[in-house]
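Quick mapping for you: the protein sequence lines, in order, are chains A and B.
For the first sequence, our numbering assigns the number 8 to the initial residue and increments by one for each residue that follows.
For the second sequence, our numbering assigns the number 293 to the initial residue and increments by one for each residue that follows.
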Amino acid sequence: MASWKKPLGAALLVEAIGLAGFFAAAAARFSANEVVPSLAFAWERAEALLGFIRWLPALQFLGLALALGSSGEGDSEAEGEALAAKAVVPAVLLSAAFSAFALLAGPALEASRSSILAASATFNASLGAARASREAGELDKAKAELAVCAAIAPKDGRLAEETGLFETALLKARQAEKAPPPAPEPAAPGADRKTASEYYRKALAYSAKGDQFSAHWYAQQASRLDPSLTEAKRLAATSWEALASRGGEDPEAAEFYARKLEGYGLLRSGDPVGAYIVFKALAARNPEDADVRRYLAESLAEAEKAAFFRDEYERALAGGELRRVFLSLPAAGAKPGRSASAAAAPEAGKARILAAASASFAEGAAYFRELEYLEAGPGGASLALVRAPYAKLAEGRLLLLCVEREGSSRVYRPSWSGLPAQGPSSYLPIDLKPELAYRVLAARSRPASLDLVSAWRALPEAAAYGADTRPAARDFAERTGTPFALFAAGLLGALAGARFRRRSGGPGKSFPRRLYALVPLMAAAGLPAYLAARRVDALLSAWAAAALPDRRAAWLAGLVRAALLVAALLVVAGARADRGPAPDEER
Amino acid sequence: MKSWFGVLGRACLEFLLILSLAALVSGAASSLAATNPRGGLLLAFALAALPRLLPLAAAAAIFLAMFSFEHRVASRAAGWLGLLLLGIILLSAGLAPRLLPGLQRLLPEAPTSFEAALQPPGVGVDRDGLLLWYRQPGDGGDAVLVDFREPYPRLSHQAGILLDAAKLTIRAGGSSYGAAAARLRAEPLFPEAALLPGPPIWERYAELGALPLPASLALLGGFVLLATGFRFLTRLSRWPLANALFAVSGFLAFLALDAAFASPALAALAAALLPRSGGAMPALLVPAAAEGLLGLLLGAADLAIRTRERPSRG
Numbered sequence: 008m009a010s011w012k013k014p015l016g017a018a019l020l021v022e023a024i025g026l027a028g029f030f031a032a033a034a035a036r037f038s039a040n041e042v043v044p045s046l047a048f049a050w051e052r053a054e055a056l057l058g059f060i061r062w063l064p065a066l067q068f069l070g071l072a073l074a075l076g077s078s079g080e081g082d083s084e085a086e087g088e089a090l091a092a093k094a095v096v097p098a099v100l101l102s103a104a105f106s107a108f109a110l111l112a113g114p115a116l117e118a119s120r121s122s123i124l125a126a127s128a129t130f131n132a133s134l135g136a137a138r139a140s141r142e143a144g145e146l147d148k149a150k151a152e153l154a155v156c157a158a159i160a161p162k163d164g165r166l167a168e169e170t171g172l173f174e175t176a177l178l179k180a181r182q183a184e185k186a187p188p189p190a191p192e193p194a195a196p197g198a199d200r201k202t203a204s205e206y207y208r209k210a211l212a213y214s215a216k217g218d219q220f221s222a223h224w225y226a227q228q229a230s231r232l233d234p235s236l237t238e239a240k241r242l243a244a245t246s247w248e249a250l251a252s253r254g255g256e257d258p259e260a261a262e263f264y265a266r267k268l269e270g271y272g273l274l275r276s277g278d279p280v281g282a283y284i285v286f287k288a289l290a291a292r293n294p295e296d297a298d299v300r301r302y303l304a305e306s307l308a309e310a311e312k313a314a315f316f317r318d319e320y321e322r323a324l325a326g327g328e329l330r331r332v333f334l335s336l337p338a339a340g341a342k343p344g345r346s347a348s349a350a351a352a353p354e355a356g357k358a359r360i361l362a363a364a365s366a367s368f369a370e371g372a373a374y375f376r377e378l379e380y381l382e383a384g385p386g387g388a389s390l391a392l393v394r395a396p397y398a399k400l401a402e403g404r405l406l407l408l409c410v411e412r413e414g415s416s417r418v419y420r421p422s423w424s425g426l427p428a429q430g431p432s433s434y435l436p437i438d439l440k441p442e443l444a445y446r447v448l449a450a451r452s453r454p455a456s457l458d459l460v461s462a463w464r465a466l467p468e469a470a471a472y473g474a475d476t477r478p479a480a481r482d483f484a485e486r487t488g489t490p491f492a493l494f495a496a497g498l499l500g501a502l503a504g505a506r507f508r509r510r511s512g513g514p515g516k517s518f519p520r521r522l523y524a525l526v527p528l529m530a531a532a533g534l535p536a537y538l539a540a541r542r543v544d545a546l547l548s549a550w551a552a553a554a555l556p557d558r559r560a561a562w563l564a565g566l567v568r569a570a571l572l573v574a575a576l577l578v579v580a581g582a583r584a585d586r587g588p589a590p591d592e593e594r
Numbered sequence: 293m294k295s296w297f298g299v300l301g302r303a304c305l306e307f308l309l310i311l312s313l314a315a316l317v318s319g320a321a322s323s324l325a326a327t328n329p330r331g332g333l334l335l336a337f338a339l340a341a342l343p344r345l346l347p348l349a350a351a352a353a354i355f356l357a358m359f360s361f362e363h364r365v366a367s368r369a370a371g372w373l374g375l376l377l378l379g380i381i382l383l384s385a386g387l388a389p390r391l392l393p394g395l396q397r398l399l400p401e402a403p404t405s406f407e408a409a410l411q412p413p414g415v416g417v418d419r420d421g422l423l424l425w426y427r428q429p430g431d432g433g434d435a436v437l438v439d440f441r442e443p444y445p446r447l448s449h450q451a452g453i454l455l456d457a458a459k460l461t462i463r464a465g466g467s468s469y470g471a472a473a474a475r476l477r478a479e480p481l482f483p484e485a486a487l488l489p490g491p492p493i494w495e496r497y498a499e500l501g502a503l504p505l506p507a508s509l510a511l512l513g514g515f516v517l518l519a520t521g522f523r524f525l526t527r528l529s530r531w532p533l534a535n536a537l538f539a540v541s542g543f544l545a546f547l548a549l550d551a552a553f554a555s556p557a558l559a560a561l562a563a564a565l566l567p568r569s570g571g572a573m574p575a576l577l578v579p580a581a582a583e584g585l586l587g588l589l590l591g592a593a594d595l596a597i598r599t600r601e602r603p604s605r606g
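Structure, rendered in structure tokens:
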């Protein structure tokens, strides 16, 4: 075997054993109270690989030191130096490869681990809330909580059990309750934008096309706006007769058509969510009805522009949540590099604050739970306060109207104070991209889950959005220390192995294998040194972030690490070779 | 002899390097308590920490020099004496300010308090679930409070706030809220110190100045003798690499043992035993004498064990 291959092989072997150990430790630490069982393997994998990354420098040091320390090649100082020089290639190769792995895979693993823990916490909380709500008879709430659980871990045994209990409770409740659910109230038509004659012309056009629904609705609107317009009344009557003839004399069919008209009216009057609820109910009664299918699709398309469905939010929960959301939105056009102090200066004018219990992200959108949005004037006067149980941020709009797609089609509406003076009440125009929101919020609560590029971008962005940047700066400085740690460990391991290698005792005499029994003890004995080095490195990152809470923290920490690496190399490289006894020298 | 002096000189340089690094690390940890730490503050803390870190650095240098003496010097007795001398040289540096009072004035005193500051405006700071954000444009100002500990709704907005820079609070809506600038915390450097049976050497060393010179010398002598007693670690196994790694844990064991000799329990035991010795020895010196004796015994045992190798002079 080429001389540089042995150190490489030994280092890889030690690292593989270490990785297996971390997997075993993660499996042993697993607890269903902390992590949902269906996510167990993903959590164990993330946990084991993160532990492996954290301890990689120690494993690298040990692997290379063991390989060279047991080489038995040459007894002279010069031979020792040549041996150390040969180990530089594998040390550098391994350090480069593992640095790339740690920097690229580390954030993704951290994000995965955090998401799993957050999703599991949400699952457990929702399951508990569902149980409590069922026992309290609040079945709607219980159902919503179960839907959250199902979005995270649909095959979980505890969920199946609770769902069974819920269905039994629901059946009992339905048997006890005979009155049908109240029909949603139609919204007032916003007819002021069209004149009666325009409506009438539309009604005529629709009638000619055979669309008696549209004809009847527009004719009714026209006659309501202008009671003198008798043609409109006539057209309304004839179109209704046409509709009624389709429904026949059956009162149930007539009621069905009346509901269709109601839904149509809601759709045309700008309440697509209300229309969707009506048509959804009608579709449940007669899914083959062509009008219902058409207007259900149309109202759904319109509703998606003004509102969103709760199941979208529930699906996003599977990716985990960021809790305690707070964003101070900078003035329009402000650059991300501006500091928070500058954003809060008088000239910044209006303050715009967004707070929420949690945020989850999926498919180019951000979903907020229990959102509150405040606008305050330069003098501190409160201009608007909006509260919404659920909100969705996508395409420059914060949608505040949330609908349950299935079942009761419950609508979660926002409450406004001050706004909107004009425009729709179902959304807020906000110049904030979900990706940017994620970076800023993650920089505040779990910066280690951001990839390197995102972390770099997040530092000035977080400052502009009112977040304390020091935790993110510290994390960035810490992660840039990984390559230093790996290179230092590799080179120091090679040097220590060469300097403290055992004497061969002459040609043909190999390293006594029984000494390998000491390896676990050696690893344990060296632990304090690695722990101390890690603590000093963490202190360095913290100090750099406290002194320079931006990107410069990473540069400062890097410079100091380089100086420390040189100092450590000087100490170890300068140490004289120390070799143990050769067998023939024992007396 | 040349090798002997060479090892001694190299150990002194290593001591300086270790002492400098330890002082800088200690300075960084201490200055992190400030809201806005700077290089000057770090240096002030580092210089102030130098004297108390001296025995720690000296012990580390002794442990490093053990391997050099073992390898470079054929006579183990000469090596042991070298380590002893090294310890005396290095630790006597700590007594120099006492002998030369002018030197004491050169060392700066560490700041004992920091100027506290309010959290910056425009930054939302979460304190255990209560998030506070404020701005102060000109005369007025307003604040936003988000109490994540309470059920929804949680956000409240207060205009006409009052900042109290002395108390580090913000008064808004009739209530006062803590608004001190948050400090970054780092992991403690040596949390295991809490598990030591007695005060570690860097805590006790500062108190030596108050003791009579002979007592100080006796305490330091015990410390050095115990450190040199750990020389057996260089030949604990037949694999030098293993011995080097064992020395890492051995160093911690030495610190723990040294702290144990300064434990209150041992001091009480010494105080109880002293009357029987007829008051020949001050209570303070009993643990020091025991520590030195243990070091001597370990050293003697190390010297008495048969040599299994002839040191290479590579």
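Using N, Cα and C, we set each Cβ at its ideal position, and we do this for glycine too.
Checklist line | Residues near residue 354 of chain B in its chain [Cβ-Cβ closer than 7 Å; skip 5 each side] | finding: Here the set comprises 375, 378, 379, 519 and 520.
Check: What are the start and end residues of each continuous alpha helix (DSSP H) run of 4 or more residues lying completely inside the stretch 444-512 of chain A, in chain order?
Finding: Considered as a whole, the stretch 444-512 of chain A harbours 459-471, 477-486 and 488-506 as its complete alpha helix (DSSP H) runs of no fewer than 4 residues, in chain order.
Next item on the list: Starting from residue 294 of chain B, follow its DSSP beta bridges and name the residues at the other end.
Entry: By DSSP's assignment, residue 294 of chain B forms no beta bridge with any residue.
Notebook entry, point to check: What does a CB cutoff of less than 8 Å around residue 113 of chain A pick up in its chain, not counting 5 residues either side in sequence?
Noted result: Excluding positions up to five away in sequence, the list reads 57, 60, 455, 486 and 489.
Check: Helix or strand or just coil, what does DSSP make of residue 470 of chain B?
Finding: DSSP places residue 470 of chain B in strand when its eight states are reduced to three.
Checklist line | Interface partners of residue 504 of chain A on chain B, CB under 7 Å | finding: Ordered by position in chain B, the residues that pass the 7 Å Cβ test against residue 504 of chain A are 533.
Checklist line | Contact set for residue 394 of chain A: own chain, Cβ-Cβ below 6 Å, skip 5 residues either direction | finding: For residue 394 of chain A, same chain residues with a beta-carbon under 6 Å away, outside a window of 5 residues either side, are 379 and 422 in chain order.
Checklist line | For residue 66 of chain A and residue 73 of chain A, the rounded distance between their alpha carbons | finding: Residue 73 of chain A and residue 66 of chain A: Cα-Cα distance of roughly 10 Å.
Notebook entry, point to check: Is there a Cβ from chain B that is less than 8 Å from the Cβ of residue 557 of chain A?
Noted result: No - not a single Cβ of chain B is within 8 Å of the one on residue 557 of chain A.
Notebook entry, point to check: So the beta strand (DSSP E) residue 396 of chain A belongs to, where does it begin and stop?
Noted result: For residue 396 of chain A, the enclosing beta strand (DSSP E) stretches over residues 389-401.
Notebook entry, point to check: Can you name the residues of chain B whose CB is closer than 7 Å to the CB of residue 533 of chain A?
Noted result: By Cβ distance, chain B contributes 537 and 540.
Next item on the list: Would you give the residue range spanned by the alpha helix (DSSP H) that residue 302 of chain A belongs to?
Entry: For residue 302 of chain A, the uninterrupted alpha helix (DSSP H) run begins and ends at 297-313, by DSSP.
Notebook entry, point to check: Any idea which residues DSSP pairs residue 419 of chain A with across the strands?
Noted result: DSSP lists A:409 as the bridge partner or partners of residue 419 of chain A.
Item checked: Exposed unless 16 or more other CB atoms sit within 10 angstroms - verdict on residue 674 of chain B -> The shown model of chain B, from 293 to 606, leaves out residue 674 of chain B, and the question about it has no answer.
Margin query: Contact criterion: CB-CB distance below 8 Å. Does residue 522 of chain A meet it with respect to chain B?
Written below: So yes, residue 522 of chain A belongs to the interface.
Check: Listing by chain order, which chain A residues have their CB less than 7 Å from the CB of residue 479 of chain B?
Finding: Neighbours of residue 479 of chain B across chain A, judged by C-beta separation under 7 Å: 542 and 545.
Notebook entry, point to check: Which residue comes first and which comes last in the beta strand (DSSP E) that contains residue 368 of chain A?
Noted result: Residue 368 of chain A -> beta strand (DSSP E) spans 358-369.
Note to self: Quick check: residue 146 of chain A and residue 176 of chain A, are their CB atoms within less than 8 Å of each other?
What the structure shows: Closer than 8 Å, so yes.
Next item on the list: Note down, in chain order, every chain A residue with its Cβ under 7 Å from the Cβ of residue 594 of chain B.
Entry: Per Cβ cutoff of 7 Å: no residues; residue 594 of chain B is ~15 Å from chain A at best.
Notebook entry, point to check: In chain A, which residues lie with their C-beta within 8 Å of the C-beta of residue 329 of chain B?
Noted result: Neighbours of residue 329 of chain B on chain A, chain order: 550, 553 and 554.
Next item on the list: Per DSSP, which residues does residue 509 of chain B bridge with? Please list them.
Entry: Answer by DSSP bridge pairing: none, since residue 509 of chain B is not bridged.
Notebook entry, point to check: Under the three-state reduction of DSSP, which class applies to residue 245 of chain A: helix, strand or coil?
Noted result: Per DSSP, reduced to three states, the secondary structure at residue 245 of chain A is helical.
Notebook entry, point to check: To which residues does DSSP link residue 436 of chain A through a beta bridge?
Noted result: Residue 436 of chain A is bridged to A:404.
Next item on the list: Count the other C-beta atoms from every protein chain shown that fall within 10 angstroms of the C-beta of residue 92 of chain A, then say buried if there are 16 or more, exposed otherwise.
Entry: That one is exposed.
Notebook entry, point to check: Cα separation between residue 471 of chain B and residue 158 of chain A?
Noted result: For residue 471 of chain B and residue 158 of chain A, the distance between alpha carbons rounds to 40 Å.
Check: Can you tell me whether DSSP reads residue 461 of chain B as helix, strand or coil?
Finding: Residue 461 of chain B falls in the strand class under three-state DSSP.
Next item on the list: Spatial neighbours of residue 381 of chain A within its chain, please: CB distance less than 6 Å, with the 5 preceding and 5 following residues excluded, ordered by chain position.
Entry: The beta carbon of residue 381 of chain A sits closer than 6 Å to those of 360 and 392, all from its chain and outside the five residues before and after it, given in chain order.
Notebook entry, point to check: Is residue 428 of chain B helix, strand or coil by DSSP?
Noted result: Secondary structure at residue 428 of chain B: coil, using DSSP grouped into helix, strand and coil.
Check: Beta-carbon of residue 427 of chain B versus every beta-carbon of chain A: anything under 8 Å?
Finding: Closer than 8 Å: yes.
Margin query: Please list, in chain order, the residues of the stretch 318-335 of chain A that have any C-beta partner in chain B closer than 7 Å.
Written below: Taking a C-beta cut-off of 7 Å against chain B, the contacting residues of the stretch 318-335 of chain A are 331, 333 and 335, listed in chain order.
Check: Which residues of chain B have a Cβ atom closer than 9 Å to the Cβ of residue 140 of chain A, listed in chain order?
Finding: Simply none; closest approach about 15 Å.
Next item on the list: Starting from the C-beta of residue 154 of chain A, find all residues in its chain whose C-beta is less than 6 Å away, skip the five residues before and the five after it, and write them out in chain order.
Entry: Hits under 6 Å: 321.
Checklist line | First and last residue of the uninterrupted beta strand (DSSP E) at residue 332 of chain A | finding: Residue range 329-336 is occupied by the beta strand (DSSP E) that includes residue 332 of chain A.
Item checked: Cβ neighbour criterion (16 or more within 10 Å) applied to residue 527 of chain A -> Within 10 angstroms of the beta-carbon of residue 527 of chain A lie fewer than 16 other beta-carbons, which makes it exposed.
Notebook entry, point to check: By how many angstroms is the C-alpha of residue 358 of chain B removed from the C-alpha of residue 307 of chain B?
Noted result: Going from the Cα of residue 307 of chain B to the Cα of residue 358 of chain B covers about 13 Å.
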